[in-house]
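Note that the UniProt record's numbering numbers the sequence shown so that position 98 is 98, with each residue one more than the last.
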Amino acid sequence: MGSSGVRVDLRGRQALVTGGARGLGASIVRRLAGAGASVLVADVRKELARELCDELNGDGGEARFVELDVRDPDAVAGVFRELDGSGRAVDVLVNNAAVDVSKPIEHLTADEVTRVVQTNLLGPVYLCLEAYRRMIARGGGHIVNILSTAANRTWTEAGPYAAGKTGLRAFTHTLFKEAQRDCPGIGVTGIVAGGMETPFIMDRFPDTDVSMLQSPDIVADAVLYALSVPDGSVAGEIVVVPRREPSWP
Numbered sequence: 001m002g003s004s005g006v007r008v009d010l011r012g013r014q015a016l017v018t019g020g021a022r023g024l025g026a027s028i029v030r031r032l033a034g035a036g037a038s039v040l041v042a043d044v045r046k047e048l049a050r051e052l053c054d055e056l057n058g059d060g061g062e063a064r065f066v067e068l069d070v071r072d073p074d075a076v077a078g079v080f081r082e083l084d085g086s087g088r089a090v091d092v093l094v095n096n097a098a099v100d101v102s103k104p105i106e107h108l109t110a111d112e113v114t115r116v117v118q119t120n121l122l123g124p125v126y127l128c129l130e131a132y133r134r135m136i137a138r139g140g141g142h143i144v145n146i147l148s149t150a151a152n153r154t155w156t157e158a159g160p161y162a163a164g165k166t167g168l169r170a171f172t173h174t175l176f177k178e179a180q181r182d183c184p185g186i187g188v189t190g191i192v193a194g195g196m197e198t199p200f201i202m203d204r205f206p207d208t209d210v211s212m213l214q215s216p217d218i219v220a221d222a223v224l225y226a227l228s229v230p231d232g233s234v235a236g237e238i239v240v241v242p243r244r245e246p247s248w249p
């Protein structure tokens, strides 16, 4: 399942990770399972997700595939209703699923913009709505939203992606402030991640200089760190970028 230098005991807790089948999502799933959590791997990539769950279960972990398109609010609500019926709450939500279309704005279509913004902004918001109200009722939990340096400083051919991540950062800040006011037992963390050596980048830009990128395991460790902060404090936002990251600050 992989080892981490961050120590946190998640035994008895259930985590849901969107986009958990590969890349950063899979690294986060492995870290959470390694810390003892029961992990729901939510993705549209059935085979990859099932292979990951089989791997983790074979190593003594506990993971289960949940087919989920985060763009569908009814599907999101259905997952949480099913969990309500099973008596297994989501203690940790990690909103990681994301897509991008790298085109100049003059060549973008409305469908492409809609797909990116629905996946990267509305999807995480739908999941937060379902998870947060249940966490309020229970008096605790933790939500981690994976952000991007694009939420702070954009670049060309990144219009919809930057818009979605900027919106998610603003929503995360609002959620953090409401949790501070209404339920101190709930942690809310935004993780601003720089470039990573994952399919998200390498499939689209195969000639990328990998020395400019970081391992997704490092960002996954930041998720564990956010969950390890003792009661009374919370890591509201964490920035994790490669040493040579060109888009931060």
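Yeah, the Cβ is synthetic: ideal placement off N, Cα and C, and Gly gets one too.
None of these values were measured; they are calculated from a predicted model.
Item                                                                                                                                                              : Value
According to DSSP, D207 sits in a beta bridge with which residue or residues?                                                                                     : DSSP, once it has assigned bridges, lists no residue as partnering D207.
In whole angstroms, what is the alpha-carbon distance linking V44 and G5?                                                                                         : 31 Å
Can you tell me where the alpha helix (DSSP H) with R31 in it begins and where it stops?                                                                          : G23 to G34
Can the beta-carbon of T198 be found closer than 7 Å to that of G87?                                                                                              : no
Inspect the beta-carbon positions of A98 and N120 and report whether they are closer than 7 Å.                                                                    : yes
So what does DSSP say about T156, is it helix, strand or coil?                                                                                                    : coil
Is it true that the CB of G123 sits closer than 7 Å to the CB of V70?                                                                                             : yes
Terminal residues of the continuous beta strand (DSSP E) containing G190?                                                                                         : I186 to A193
Inspect the beta-carbon positions of A35 and V41 and report whether they are closer than 7 Å.                                                                     : no
The ligand GTP and L213: does any heavy atom of the ligand fall closer than 6 Å to the residue's C-beta?                                                          : Because no ligand of any kind appears in the structure shown, any question about the ligand GTP cannot be addressed here.
When you compare each of A33, Y225, P249 and A158 to V188 by their alpha carbons, which one comes out closest?                                                    : Y225
Which same chain residues, not among the five before or five after L125, have their C-beta less than 8 Å away from its C-beta?                                    : In the sequence on display, residue 125 carries Val and not Leu. These residues qualify, in order along the chain: L168 and F171.
Under 6 Å Cβ to Cβ from A26, same chain only, skipping five residues before and after it: list those, please.                                                     : L52
Taking the continuous alpha helix (DSSP H) assigned at I218, which residues delimit it?                                                                           : P216 to S228
Output needed for P73: all residues of its chain with C-beta closer than 6 Å, excluding positions within five of it in sequence on either side, in chain order.   : Y126
Taking the straight line between their C-alpha atoms, what separation do you get for H173 and V210?                                                               : 31 Å
Please list the terminal residues of the continuous alpha helix (DSSP H) segment that includes S86.                                                               : P73 to S86
Hey, how far is the Cα of D59 from the Cα of V39?                                                                                                                 : 14 Å
Thinking just about the alpha-carbon of each residue, which of T166, G195, E130 and D54 is nearest to the one in D217?                                            : G195
Tell me which residues share the same chain as residue 269 and place their Cβ nearer than 7 Å to its Cβ, disregarding the 5 neighbours each side in the sequence. : Since the displayed the chain opens at 1 and closes at 249, residue 269 lies outside it and no answer follows.
Roughly how many angstroms separate the alpha carbons of V192 and P160, rounded to a whole number?                                                                : 17 Å
DSSP beta-bridge partners for G60?                                                                                                                                : BP columns for G60 are empty, so no partner.
With DSSP collapsed to three states, give me the class of L10.                                                                                                    : coil
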